[in-house]
Structures are given as structure tokens and as C-alpha cells.
Amino acid sequence: ILSERKSITLTVEGDGRLVVRAPKRLPQREIQRFVDTHADWVQKKRAYLVAHPPPVKHHYKSGETFDYLGKPVRLEVVTKPATKQPLRYLPASGGGEAVIEVIKTTQAQTRALLEAWYKKQARQVCAERATALAKQYGFQFSRLRISSARTRWGSCSSRGTLSFTWRLVMLPPEIIDYVVIHELAHTVEHNHSAKFWARVEALLPDYKARRAWLKKNSGRYVF
């Protein structure tokens with residue numbers, strides 16, 4: 000992109016494209032030389048994008064894919080629903096994708112319907128896993144709540160209340176279990192000390208791999 004500017008800048012877009020902005024009167028060979036000298040930087044940026052794909056921007060239209068328990072779910076906005084339910088979840092069958100069917104409405108209302116559905120599933124899934132894992136490993140918690148947190152998957156209060164964001168239910172079951180066990184361990188160890196991580200490792204020997212997966216992929220699970 001040539002314009003009335005005085006310097007050259009490079010930008011690697013989310014899809015990996017390299018955008019070069021340069022002064023109009025700068026010879027092409029000078030522009031190419033500048034790009035060549037920054038080839039390593041470009042490669043590193045592209046490698047980072049491959050390892051950390053940017054979140055998908057949703058428009059809440061038919062054909063878009065969401066996640067539930069680590070599996071893709073296709074959104075279908077219909078004008079003639081099979082039932083009067085504003086939202087209907089159809090599990091995968093015959094090797095196909097699961098489907099969330101929503102009666103046609105505004106994008107904002109479709110988003111609200113999906114969020115309400117996810118919150119309902121999160122309450123059930125998180126309660127089931129927290130109860131089962133607490134019983135299995137001898138933990139106790141006072142109550143469980145579902146939040147709308149965007150930057151934290153879970154937390155544990157000093158009074159033993161476990162909180163999980165409803166977005167957690169989008170993740171694969173083994174990652175959900177890691178987050179639940181992480182917070183259950185906080186009912187005993189109220190910090191991230193070596194003792195805390197030793198307790199988590201005793202329960203989940205592969206917790207580092209699950210933790211790394213969550214760190215790498217958490218950006219995907221936006222809404």
C-alpha cells in the first residue's frame with residue numbers, strides 16, 4: 000500500500016497475509032529489500048498465528064459453528080421450526096454434526112438464546128463434574144455458581160464457593176475436569192504454591208499438558 004508517508008511498516012494480518020505500507024516514491028527494490036531483511040520477523044508472526052489462531056467472530060447466522068464439550072455444533076436459524084421452542088439442541092447422529100436450531104429473530108436475540116442455553120448446560124455439567132470429582136478425591140465445597148467471566152475459567156472463594164464461567168462448557172471434557180480439579184484443590188490450598196501444584200499433579204499426572212492446551216486454545220472460545 001503506497002501513500003504519502005515517510006516510513007515503511009509491516010503488518011501480518013490474522014489470515015497470515017503480509018501488508019506492506021510504504022512511501023509512494025520509494026523504489027520497489029528498496030521496499031523488497033526492507034521486507035527481505037525482516038523475513039525472520041514475518042515467519043515468527045505467522046508461526047504464532049498458526050499456534051494461536053484468532054477467535055472467530057460470530058454473526059449468529061445459519062451455518063456458523065460453535066463448540067459444546069469440545070465438539071462442533073452447527074447453528075441453524077429456521078423460519079418454520081419443528082416445535083415452538085425458541086431453541087432446540089439436536090445431538091450428532093449418523094456421523095454428522097450436532098445442531099442448535101433457533102427460530103429466526105434478531106442477531107442480538109439469537110445470541111441471548113444461545114448464551115442462556117450454554118448457561119443451563121454449564122450448570123448441569125459443572126455441578127455433575129464437581130460433585131463427582133469432589134467425592135472421588137475427598138474434597139468438599141459449599142456451593143457452586145455459574146458466572147459470565149471472560150478472563151477466568153474458574154475460581155474458589157475462601158468460603159468454598161466454586162465459580163465457573165459458562166464458557167467452560169464449550170471445552171473438551173478432559174479440560175473441564177482439569178479446571179474443576181484445579182478449583183477443588185483451592186478448597187485446601189488457597190494459593191498457587193508448590194504444595195498446591197503437587198496436589199493437582201497427584202490427582203492429574205498430565206495436568207501440565209491440559210494446562211498448556213488451555214493456555215494455547217483459550218482464545219478460540221469466545222462468544
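For the record, in the sequence shown the residue sitting at position 78 is 77 according to my numbering, with numbers rising by one throughout. Even for Gly, the Cβ is constructed at its ideal location relative to N, Cα and C. Here the structure is a predicted model, which is why all the values come from computation and not from measurement.
| Item | Value |
| --- | --- |
| Proximal residues to Ile-174 (C-beta, below 7 Å), its chain only, five neighbours per side dropped | Arg-209, Trp-212, Leu-213 |
| For Gln-27, the nearest candidate out of Leu-1, Glu-182, Trp-40 (CA to CA) | Leu-1 |
| For Leu-132 and Ala-184, the rounded distance between their alpha carbons | 11 Å |
| Nearest-angstrom Cα separation, counted from Leu-89 out to Lys-194 | 44 Å |
| Nearest-angstrom beta carbon gap, Tyr-220 and Asp-66 [assumed within contact, 8 Å] | 6 Å |
| The beta strand (DSSP E) enclosing Ile-102, as first and last residue numbers | 97-102 |
| Distance, Tyr-136 Cα to Thr-64 Cα | 36 Å |
| Coil, strand or helix - Val-221 by DSSP | coil |
| Every unbroken alpha helix (DSSP H) inside the segment 95-182 [4 residues or more] | 106-136 |
| Beta carbon of Phe-140 nearer than 8 Å to that of Ala-126 | no |
| Neighbourhood of Pro-80 by C-beta, 6 Å cutoff - its chain only, sequence neighbours within 5 removed | Ile-102 |
| Test item: CB-CB of Thr-164 and Arg-144 under 8 Å | no |
| Secondary structure of Val-199, DSSP reduced to three states | helix |
| Extent of the continuous alpha helix (DSSP H) run through Ala-211 | 206-216 |
| In DSSP terms, what Tyr-88 is bridged to | Ile-99 |
| DSSP state of Leu-1 mapped onto helix, strand, coil | strand |
| Reference Leu-203; option with closest CA among Val-179, His-191, Glu-188, Val-187 | Val-179 |
| For Glu-75: DSSP bridge partner residues | Glu-100 |
| Outcome for Thr-36 when other beta-carbon atoms lying within 10 angstroms are tallied against a minimum of 16 | exposed |
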